[in-house]
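Chemist: Below are the structure tokens for one structure; questions will follow.
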Amino acid sequence: MAVQTDTGLHRTERYFRMIYFWIAYLAALILVFQYYINPQLIYQAQEPPFFTDSSFLQQHLTYPGGLADYLGAFLTQCFYYDWIGSIVLAGIVLLVCLVTYGLLRKWAVSFPWILLCCLPGAFLLALHIQFQHPLSSTLALLLCLTGVWIQQYFQNKPTWLNVLIFFILGSAVFYLAGGLFLLFAFMTIIDTLDSRNQYSRMLPYGLITLLVPYIAAKFIFIISINQAYAYLIPGEALNEYAWVGYALMALYPVLLISAKIYFSRQRAYAPVLKILIPVILLGITGSALFTRDRIQRTHYQVLKLARQKQWSKLLDFAGQLPFQTPIFSVEINRALYHTPGDTIARTRLLGETMFSYSQPFGAKGLLISDQTRVHFPMEKSDLTLDLGFVNESIHWASEALSAQGETPYSLKRLATLYMVKGEFKIAQIYINRLKRTVLYKKWAYQAESNITSDYYLHQDSWIREMRQNLMKTDHIVENANPCLSLEKIIRKNPENRMAYDYLLTYALLSKNIPAFIETIARANTYYPILLPKHYEEAILLYIYVLKGSKLDLKGFKIRKTSYEQRFKTFQSIFEKAGGNPTNAKPAMFQFLKDSYWYYYLYQDTGNQ
Amino acid sequence: MKTQFTVLLAFLVLCCIQCTSVYETDLTEAIHIPAFPKTDPDYHGAVLPQNIAPVNFMVAEEGNAFLIRISGKHGSPIKIISKDGRIDIPIKSWKQLVSENAGDTLLFDVFVKKGDYWKHYRPIMTMISPDSIDSYLTYRLINPAYNLWGEMGLYQRCLENFKESPILINRAVDGSCMNCHHPCVQKPENVMMHIRAGQASGTFVLHEGQPMKVNTATEFNRAGAYASWHPGGDLITFSVNSLMIFFHAVGECRDVVDNKSDLIVYDIPKNRVTTCPQISAPERMETFPCWSPDGKSLYFASAPIISQYVIEKNGEEDLAYDKIFYDLNRVSYDPETGTWGEVETLYSGEEHGLSAVMPRVSPDGRFLLFTVSDYGSFPIYLKSADLMLMDLASGAVRCLDINSDQTDSHHAWSSTSRWVVFSSKRRDGLLARPHFCHVDKSGNFSKPFVLPQKDPAFYDHFLKTYNVPELARLPVQISPQKIIRVMNNNAKRKNADLDPVVKSRLPDKEKSSKDYQTAPG
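Taken in sequence, the protein lines are chains A and B. If you want my numbering, it's the position in the first sequence, counting the first as 1, plus 430. If you want my numbering, it's the position in the second sequence, counting the first as 1, plus 2.
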């Protein structure tokens, strides 16, 4: 009796230890997802549309893996809020580990090391750390493992029943989880190897495995054969790290075989395993954390901050960037424009400090170039909207809608812009669509109440401002020559200061000083007191270095700091270098690398 | 248990009786409103085919209960009670009522309860035509098209019910762009469609039950775009185009100009592409072919070549795209010998200051329906696009009063010539929806009605546009899976040969096909 009590106590203690372990593991996962990955960046990278209407669900019922996609799209909406996203993601990874634990307990007579069950968690961490890995793929894995777990219960049934169950369950797994069916089938087949009727089951199992996806693609669903076998397989959406997904797929058969060979009998674990398993787990987890792609993370961080208009945060972040891409430059310059500089002179940081940031792409880093905009249609829509091009913003938001799906962000943009244009019937359709989303539902109802009358809309200062930019006379949008479009919008709304600053900055970045000088003549409308620093530098360059014709500064005075300190430094560096720019470069870099002069002399315009 | 069940059943029956009697009592005292109720879609005054699906609609009047009574001279009326104004007509009762009243009028009595009082509006009237409409409508569903695309698909909808089935969805062909499916009116078992980009890229042709993938590009042309089946079923005439999208700063952003176009004829049994100066004149841009039902005439639109519209503006070359007016032409053809006659102009774009495109001859050969717009050959982006009808017997042309102030375009006839389907953006100005009209023998068009949907509020939130609707008597006779297999199998792709006669006329082989591209539908 005493012995039984001891055993009971031991079991209870073990049970609680296990619960504590899983709680600790969940907490660790949440913290990693929250602070090391950040689900908001995953949302930024994927932004899967989700609608609460039945037709959206019905669309997902038309192909294998659709339900996993549907559930994944729904749960990914939680990633919009970082903590909730972390909890959801960690919870799903934990579930995968728990089902793995359940399976290992079934496969092995002796109790396996709990740490083994955390191995899939490490692989999933490595996948989700890539931002593009869809949650639906992890959910499909969970569904597949659940299928394997259910199949276990029928292992000892007569062969015909077992095969029938395999067919029904396998078909269900295929329908729910797409290509993960193969993992289900493979594991079930391996599991059969040591059963009594292994040979009689092997053939029907094999046939079902091959035929279910094939028949589905050939006769039932509108999918290609490749999709039938591979859809939702982990890593499918990734390029460089696709192998992590395949390794995860391979892990389960390895675990199963190991469990069957090593743990099938009650025996003590080899001491080496006590060390080896934690080392392997730590190694994989550590490697997983190291696979975080810094470029990708930075990329989505920049896009997220720009979308949320957190300009000062974006600029802080930009200061730490070890590299540049055209879209980074665009967003940094946009942030610089939106951040006020000298409050008295009403300058913006764009004209004051833009050359403190690297501008390796020249004008292509100001306005999104032809090559870049195809990949960033919504960012193009954001920028054109800032500049007051309502039609162009609609154009690019519509491109985003077509190419990236009906994301709530693009739907909201289109609804708002059509409200600006006074085309309420069109705006209403986008609002109706948004009413079926999770994240923008509230906004949609509010917007709907506003568009009942143009009067309410006119109270909105942003809409009033945008309406001032609306063109009255038509012109063709010149993508090849953005200056023309900027000029036209300034003509329509002379108060459009951003268009004016971008026109000047475009000229600076293109090193087109004559165009800059021609445009700066109108500066007193926008800068009644002082010009921004880089504009002064360009003027000084024009007057003293390029010996341009006489310039009417219309009362502007060049600041002392610009002329006496910086320009004189520039002149003395050049005098010392004998007027040779190459010789002057080290000193220029040391003292004036944040000046327009340095950019003008040493950086290319992004066209080379 | 049994007793409990009986009591429950009796209770439910009593409740139903009570409800019905309440409505009956209330309705006799309903206040008569001398106006038609606001409904969406609006079917008042429309002529409906007797085989159409139930015309579900929303009552857009304020109220807390709605009762609709649909009645005709014959048959039992249908009563529908709704709390939110959604009127979902039971299909079985609808079919019966409509068939019993073919050639007669159906009345939709709308009662709206507001507070404690019922209001009775003037009944909505629809005419039920004894002329049946072709049972299937095919179309492409896409987001409003710009440069990029994502999900799209070709679908067919049975007009007799609400069943929509895919002909092909682009997710199965690497997300490629697909152009619209095009049936042969006289032989509906023959169909064709394009897939652009990716492994499956090419033209799919289902000819006499035989599916094939064809590359219609030759030394003369790139792959064909807009198509028309010859009634014989062995020839398809294609346009080959060089379309370019551009964007406006005001109004509808999108616009398209065709920089170059010609017509080619693809002979399916011979796998040969041919053309002739009448349909590919060097000084003209020919597009939008349409065969006459007897196969002895080809209708098409054409305009002078693009270089004639290049003007000088502020010292730079500019294209006067808004001065390009297409004419409607006809050329005779002898199917026996394959010889072409002289081109005649039926409608001069220049003369009318309008551009006329998309000619479609009614299957009885009596009428020519076409689209006119302010300029160009891409009317779907132009608000000015309207439908016009030419009586081929008299040559008289008239603008149809079915047009709206928004785009009305992409029209097609039913096989009986008694119905027309067209794409109209009249609901919102952005998304094209299929609208139907009855056409009598004299060419009188009834008020258009939109394609009925199971959910009457469907068009309020559906963001895809219905592109190039076509009517067909039969559904597409091939499964999507088969189309996928055919299109993904490049080993069996047929590369069309160019007619040696055309080849010998080619002035400069280098110049030839590079100027063309396949056109969006």
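Yeah, the Cβ is synthetic: ideal placement off N, Cα and C, and Gly gets one too.
#1: How about the stretch 805-813 of chain A and the stretch 827-844 of chain A: do they share at least three Cβ pairs that are nearer than 8 Å?
#2: Assuming B:V275 contacts B:F222 (C-beta within less than 8 Å), just tell me the rounded distance between them.
#3: Residues of the stretch 808-829 of chain A in Cβ contact with chain B at a cutoff of 8 Å, in chain order, please.
#4: Using C-beta distances below 8 Å, list every residue in its chain close to B:K115, excluding the 5 sequence neighbours before and after it, in chain order.
#5: Candidates A:V526, A:F785, A:Y450: which alpha carbon is nearest A:L938's?
#6: Measure the CB-CB distance between B:V252 and A:N909 and report whether it falls below 8 Å.
#7: Between A:A833 and chain B, is there a C-beta pair that is closer than 8 Å?
#8: Beta-carbon of B:S23 versus every beta-carbon of chain A: anything under 8 Å?
#9: Closest by CA to B:S241, which one among B:S379, B:V503, B:R142?
#10: Quick one: Cα of A:A1045 to Cα of A:L637, how far?
#11: Which residues in chain A have a C-beta closer than 9 Å to the C-beta of B:C255? List them in chain order.
#12: Cα separation between B:K456 and B:R435?
#13: Interface residues of chain B around A:K918 at Cβ under 9 Å?
#14: What's the C-alpha gap between B:E153 and B:G177?
#15: Between which residues of its own chain and A:G496 is the CB-CB distance below 6 Å, once the five residues before and five after are set aside?
#16: Would you check if there are 3 or more beta carbon pairs closer than 8 Å linking the stretch 48-66 of chain B to the stretch 129-139 of chain B?
#17: A:E853 touches chain B at which residues, Cβ-Cβ below 9 Å?
#18: Could you tell me the boundaries of the alpha helix (DSSP H) in which A:H558 lies?
#19: Could you have a look at B:V24 and say whether DSSP puts it in helix, strand or coil?
#20: Going by alpha carbons, who is nearest to B:G117 out of B:F447, B:A32, B:M195, B:S425?
#21: Less than 8 Å between CB atoms is the rule here; does B:F524 satisfy it with respect to chain A?
#22: For the structure I just gave you, are there three or more beta carbon pairs, one from the stretch 558-571 of chain A and one from the stretch 595-610 of chain A, closer than 8 Å?
#23: Which chain B residues are close to A:M928, counting only those with a beta carbon under 7 Å from its beta carbon?
#24: Just to confirm my understanding: we take B:Q479, look at its own chain, exclude 5 residues before and 5 after, and list those with CB closer than 6 Å. What are they?
#25: Contact criterion: CB-CB distance below 8 Å. Does B:T520 meet it with respect to chain A?
#26: If you check the beta carbons only, do A:L501 and A:V523 fall under 8 Å apart?
#27: Would you say B:G200 faces chain A, with C-beta separation under 8 Å as the test?
#28: Is the stretch 277-289 of chain B close to the stretch 299-310 of chain B, with three or more CB pairs under 8 Å?
#29: Since B:M60 sits in a beta bridge, which residues does DSSP pair it with?
#30: Would DSSP call B:I83 helix, strand or coil?
#31: May I have the straight-line CA-CA distance separating A:L1022 from A:F1000, to the nearest angstrom?
#32: Starting from the Cα of A:Y957, find the closest Cα among A:K865, A:Q585, A:K871, A:R778 and give me that residue.
#33: Could you pull the DSSP bridge partners for B:V258 from this structure?
#34: Can you list, in chain order, the residues of its chain whose CB lies under 6 Å from that of B:S564, leaving out five sequence neighbours each side?
#35: Give a yes or no on whether the C-beta atoms belonging to B:K161 and B:A55 are separated by under 8 Å.
#36: Taking all protein chains shown into account, decide if A:G795 is buried (16 or more other Cβ within 10 angstroms of its Cβ) or exposed.
Modeler: So, from the data block:
#1: yes
#2: Here residue 275 of chain B refers to the residue found at position 273 of the second sequence. Here residue 222 of chain B refers to the residue found at position 220 of the second sequence. At roughly 7 Å, the Cβ-Cβ gap stays under 8 Å, so B:V275 and B:F222 are in contact.
#3: F819, N821, E822, I824, H825, S828, E829
#4: Here residue 115 of chain B is taken as the residue at index 113 of the second sequence, counted from 1. Correct list, in chain order: D28, G65, N66, A67, F68, L69, K121.
#5: Against the first sequence, residue 938 of chain A aligns to sequence position 508. Its Cα nearest to that of A:L938, the residue A:F785 stands out among A:V526, A:F785, A:Y450.
#6: Along the second sequence, one-based indexing puts residue 252 of chain B at 250. Along the first sequence, one-based indexing puts residue 909 of chain A at 479. Not closer than 8 Å, so no.
#7: Locating residue 833 of chain A in the first sequence gives position 403, where the first residue counts as 1. It does; some Cβ of chain B falls within 8 Å.
#8: Counted from its first residue, the second sequence places residue 23 of chain B at position 21. Since pLDDT at B:S23 reaches only 49, below the 50 mark, its modelled position is unreliable, and the value read off the structure follows with that caveat. The beta-carbon of B:S23 is placed no less than 8 Å from the nearest beta-carbon of chain A.
#9: Along the second sequence, read from residue 1 onward, the residue named residue 241 of chain B stands at position 239. Comparing Cα positions, the closest option is B:S379.
#10: This structure cannot speak to residue 1045 of chain A, because chain A is shown only from 431 to 1038.
#11: On the second sequence, position 253 is the one that residue 255 of chain B refers to. Taking a Cβ-Cβ cut-off of 9 Å, the neighbours of B:C255 in chain A comprise N821, E822, I824, H825, S828, V907, given in sequence order.
#12: Within the second sequence, the letter at position 454 stands for residue 456 of chain B. Within the second sequence, the letter at position 433 stands for residue 435 of chain B. Linking B:K456 to B:R435 through their CA atoms gives a straight-line distance of about 15 Å.
#13: Position 488 of the first sequence, counting from 1, holds the residue named residue 918 of chain A. Chain-order list of chain B residues neighbouring A:K918: A251, by C-beta distance under 9 Å.
#14: Working through the second sequence from its first residue, we reach residue 153 of chain B at position 151. Working through the second sequence from its first residue, we reach residue 177 of chain B at position 175. Here the alpha carbons of B:G177 and B:E153 stand approximately 7 Å from one another.
#15: For the purposes of this step, residue 496 of chain A is taken as residue 66 along the first sequence, with counting starting at 1. Here the set comprises H490.
#16: yes
#17: Counting from one through the first sequence, the residue named residue 853 of chain A turns up at place 423. Within chain B, D430, G431, L432 have C-beta atoms less than 9 Å from the C-beta of A:E853, given in sequence order.
#18: Within the first sequence, the letter at position 128 stands for residue 558 of chain A. For A:H558, the uninterrupted alpha helix (DSSP H) run begins and ends at 549-558, by DSSP.
#19: Residue 24 of chain B sits at position 22 when you count from the first residue of the second sequence. For B:V24, the pLDDT reaches just 49, beneath the cut-off of 50, and the residue's location in the model is therefore unreliable, leaving the point undetermined.
#20: As a first step, residue 117 of chain B is located in the second sequence; it is residue number 115 there, counting from the start. The candidate whose alpha carbon is nearest that of B:G117 is B:A32.
#21: Chain B is shown from 3 up to 523; residue 524 of chain B falls before or after that span and cannot be answered.
#22: yes
#23: For the purposes of this step, residue 928 of chain A is identified with residue 498 of the first sequence, where counting begins at 1. The contacting residues do not exist; A:M928 stays about 17 Å from chain B at best.
#24: Along the second sequence, read from residue 1 onward, the residue named residue 479 of chain B stands at position 477. Closer than 6 Å at Cβ, skipping near neighbours: E191.
#25: Mapped onto the second sequence, residue 520 of chain B falls at position 518. Reliability of the predicted coordinates at B:T520 is poor, the pLDDT of 44 falling under 50, and the value obtained from them is presented with this limitation in mind. Chain A contact via Cβ: absent.
#26: Walking along the first sequence from the start, residue 501 of chain A turns up at place 71. Walking along the first sequence from the start, residue 523 of chain A turns up at place 93. Contact flag unset, no.
#27: As a first step, residue 200 of chain B is located in the second sequence; it is residue number 198 there, counting from the start. B:G200 does not count as touching chain A.
#28: yes
#29: Here the question's residue 60 of chain B lines up with position 58 in the second sequence. The partner list for B:M60 (beta bridge, DSSP) reads B:D42, B:R88.
#30: By 1-based counting over the second sequence, the position of residue 83 of chain B is 81. B:I83: strand per DSSP, three-state reduction.
#31: Working through the first sequence from its first residue, we reach residue 1022 of chain A at position 592. Working through the first sequence from its first residue, we reach residue 1000 of chain A at position 570. Straight-line Cα distance between these residues: approximately 7 Å.
#32: Taking the first residue of the first sequence as position 1, residue 957 of chain A is located at position 527. Measuring from the Cα of A:Y957, the nearest candidate turns out to be A:R778.
#33: Translated into positions along the second sequence, residue 258 of chain B becomes position 256. Partner(s): B:I247.
#34: Within the shown structure, residues of chain B are numbered from 3 to 523, placing residue 564 of chain B beyond reach of any answer.
#35: For the purposes of this step, residue 161 of chain B is taken as the residue at position 159 of the second sequence. For the purposes of this step, residue 55 of chain B is taken as the residue at position 53 of the second sequence. Correcting the residue type first, residue 161 of chain B is Leu in the shown sequence and not Lys. A contact, by the Cβ cut-off of 8 Å.
#36: Within the first sequence, the letter at position 365 stands for residue 795 of chain A. When all chains shown are included, A:G795 counts as buried.
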